[in-house]
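A quick write-up on the structure given underneath.
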Amino acid sequence: MAVNDHPARPLQVIIAGGGIAGLTAAIALRRAGHDVHVHERAPQLSAVGAGITLWPNAIKALRTLDLAEAVIAAGTRVGSASILTSNGRLLGRSDLSSLEEKVGEPTIAIHRADLLAVLRKDLEQSAISLASEFLSYDETGLGVLVRFADGSSRSSDILVGADGIHSAVRGQLLPGVSLRDSGYAAWRGVVGEGGIQRSTSESWGCGSRFGIVPLGNNRTYWFATINTAPTTIDDPMKRKAAMEAAFAGWHEPIPAIVRATDPRSILYNHIFDAEPLPRWHSRRVILIGDAVHPTTPNMGQGGGMAIESAVVLGRCLSEKLPVSDAFEEFVRRRKQRTAWITGQSWRIGRLGQIGNPVLCGLRNGIIRATPRSMMDKQLMTAATFSI
């Protein structure tokens with residue numbers, strides 16, 4: 261049996277990870293005619309992450325898969341976004357309706373569970389194995405032998421590592437990669453009727469921020485960041501208590517939103533990213549999404565970059581190139597853009613998390629004085645996607 265080196269014939273593809281990157285890649289590769297199977301370590305495709313904003317670039321990428329309208333219907337349009345101080349004073353505002361007119365696609369806020377449901381609906385149930393944790397792989401003359409934690413194994417032509425920022429596939433492909441500590445942690449949650457705000461905003465204090473994103477159906481997604489060393493907070497009540505203490509004196513509806521949140525639903529994680537990696541693939545294994553270009557959440561583009569990369573990988577493996585050439589072409593199309601997003605997001609996070617009160621005042625003055633055209637230009641660059 262000869263190894264399948266040419267996508268002119270269908271490839272057997274294993275995808276490790278059933279999140280946004282993995283499911284979108286599965287759809288894109290199936291559209292390209294390949295035989296794809298997703299292995300997800302969790303027992304179910306969960307709603308981890310609570311909410312997500314998909315900028316026009318992500319919606320445009322989804323449109324190439326005929327999924328844009330379903331995602332738009334499952335979410336809600338974001339018309340504008342404001343940056344405020346902790347007492348509610350306006351620092352800046354972006355008109356996302358104008359961005360939609362220029363780019364041709366809307367900005368959509370959506371619950372992560374609803375997005376995963378749209379993606380999962382496009383795949384046959386038999387194409388996804390849950391509670392199937394990737395363990396290791398061996399590249400052979402016949403392709404890739406992939407082993408799983410339950411002792412099973414499976415052969416394929418290629419393995420796609422879409423298993424997130426702590427990727428086990430990356431750990432074998434690129435041992436020794438270090439994640440970069442942002443210096444702050446994030447709390448996330450969704451509330452229903454309590455503390456509803458109809459507009460999207462992010463409020464900046466000193467060493468902390470609080471974001472509010474309406475999701476529709478009387479739901480509000482919120483996120484908060486606080487400067488801290490990496491730690492673990494397993495107790496739901498302690499997670500909520502930390503939020504109540506940190507944001508008690510902030511403008512409404514922030515305290516009301518925190519009070520209205522079920523502590524069991526509050527998610528907590530320390531924020532890391534990675535500087536651009538030297539290599540994204542081997543002969544038969546390739547990384548996508550947070551496994552290869554993890555970014556801090558400050559531009560709201562983590563999900564967008566995962567969706568873009570999944571679509572581009574599908575396109576590269578549909579162009580009748582040998583697999584190795586298709587992988588190289590994928591990296592060529594994605595490396596510069598993802599590096600720019602990662603770098604910009606890191607810089608915004610450093611600015612937003614300034615802890616010195618004097619420097620916070622200077623920062624706020626600079627933001628107020630920054631022409632809207634400069635902010636719009638950055639948004640336009642981030643929101644523009646081409647395969």
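Numbering (my numbering), first residue to last: 261 to 647. Glycine included, C-beta positions come from ideal geometry on N, C-alpha and C. The structure displayed is predicted, hence computed values, not measured ones.
Could you check which residue in Thr480, Asp494, Val552, Arg430 has the C-alpha nearest to that of Ala520? Thr480
Do you know offhand how far Glu300's Cα is from Ala409's? 11 Å
Per the DSSP calculation, Ala341 is bridged to which residue(s)? Ser354, Thr460
What is the DSSP secondary structure of Phe645, reduced to helix, strand or coil? Three-state result, Phe645: coil.
Where does Ile514 sit, in a helix, a strand or coil, going by DSSP? helix
What are the residues that DSSP puts in a beta bridge with Leu547? Gly421
Provide the residue span of the alpha helix (DSSP H) that contains Ser569, from first to last. Looking at the DSSP string, the run of the alpha helix (DSSP H) that includes Ser569 is 562-576.
Between the region 511-528 and the region 479-499, do three or more beta carbon pairs fall short of 8 Å? yes
Please classify Trp252 as buried or exposed, where buried requires at least 16 other C-beta atoms within 10 Å of its C-beta. Only positions 261 to 647 of the chain appear in the structure, and residue 252 is not among them; the question remains open.
So, helix, strand or coil for Met261, using DSSP? Residue placement at Met261 is flagged as unreliable, the pLDDT there being 34, under the threshold of 50; a coordinate-derived value is accordingly withheld.
Close beta carbons around Ile312, own chain, < 7 Å, minus the five adjacent residues each side: Ile370, Arg372, Leu375, Gly563
Which value, in whole angstroms, describes the spacing of the CA atoms of Gly411 and Ala288? 29 Å
Rank Phe590, Gln304, Gly574, Thr641 by C-alpha distance to the C-alpha of Ser542 and give the top, closest one. It is Phe590 whose Cα lies nearest to the Cα of Ser542.
Where Lys362 falls, given that 16 or more other Cβ within 10 Å makes a residue buried: Here Lys362 is exposed, its C-beta having fewer than 16 other C-beta atoms within 10 Å.
Output yes or no for whether 8 Å exceeds the beta carbon distance between Thr644 and Ser605. In this structure, Thr644 lies away from Ser605, with their beta-carbon atoms at least 8 Å apart.
Return the first residue and the last residue of the alpha helix (DSSP H) that Ile526 is part of. Per DSSP, Ile526 lies in no alpha helix (DSSP H) and is assigned neither H nor E.
So Phe532 packs on Leu439, CB below 8 Å; how close in whole Å? 4 Å
If we count the other Cβ atoms within 10 Å of its Cβ and call it buried at 16 or more, is Ser392 buried or exposed? When all chains shown are included, Ser392 counts as buried.
Would you mind stating whether Ile608 and Asn558 have Cβ atoms separated by less than 8 Å? yes
In the DSSP assignment, find the alpha helix (DSSP H) that holds Arg349 and state where it starts and stops. Taken as a continuous stretch (DSSP letters only), Arg349 belongs to no alpha helix (DSSP H), as it is neither H nor E.
With a CB to CB cut of under 6 Å and the five nearest residues on each side skipped, what residues in its chain are close to Asp398? Leu405
Taking all protein chains shown into account, decide if Gly277 is buried (16 or more other Cβ within 10 angstroms of its Cβ) or exposed. buried
What distance in whole Å lies between the Cβ atoms of Leu359 and Val331, which are believed to be in contact at a cut-off of 8 Å? In fact, because the Cβ distance is near 17 Å, the residues do not count as touching under 8 Å.
Measure from the alpha carbon of Gln638 to the alpha carbon of each residue in Gly560, Arg594, Ile614, then state which is nearest. Gly560
So for Gln304, helix, strand or coil by DSSP? coil
Name the two residues that bound the continuous alpha helix (DSSP H) containing Leu289. 280-291
Determine the extent of the beta strand (DSSP E) in which Gly471 is found, giving its start and end residues. 468-476
List the whole-angstrom C-beta distance separating Ala281 from Ala422, where the pair is believed to meet the contact cut-off of C-beta under 8 Å. 4 Å
Start-end ranges of the beta strand (DSSP E) lying completely within the region 365-410, minimum 3 residues: 368-371, 394-400, 403-408
Neighbourhood of Ala501 by C-beta, 8 Å cutoff - its chain only, sequence neighbours within 5 removed: Nothing listed; no residue qualifies.
Cβ neighbour criterion (16 or more within 10 Å) applied to Pro435: exposed
Rounded Cβ spacing between Ser415 and Leu402 (contact assumed at less than 8 Å): 7 Å
With distances taken from CA atoms, which of Val429, Leu379, Ala387 is nearest Leu395? Val429
Out of Arg632, Pro582, Ala566, point me to the one whose CA is closest to Ala341's CA. Arg632
Cutting at 6 Å between CB atoms, please list the residues of its own chain near Trp464, excluding the five before and the five after it. The answer, listed in chain order, is Gly612.
Hey, could you find the ends of the alpha helix (DSSP H) Ile626 is sitting in? Element bounds for Ile626: 617-629.
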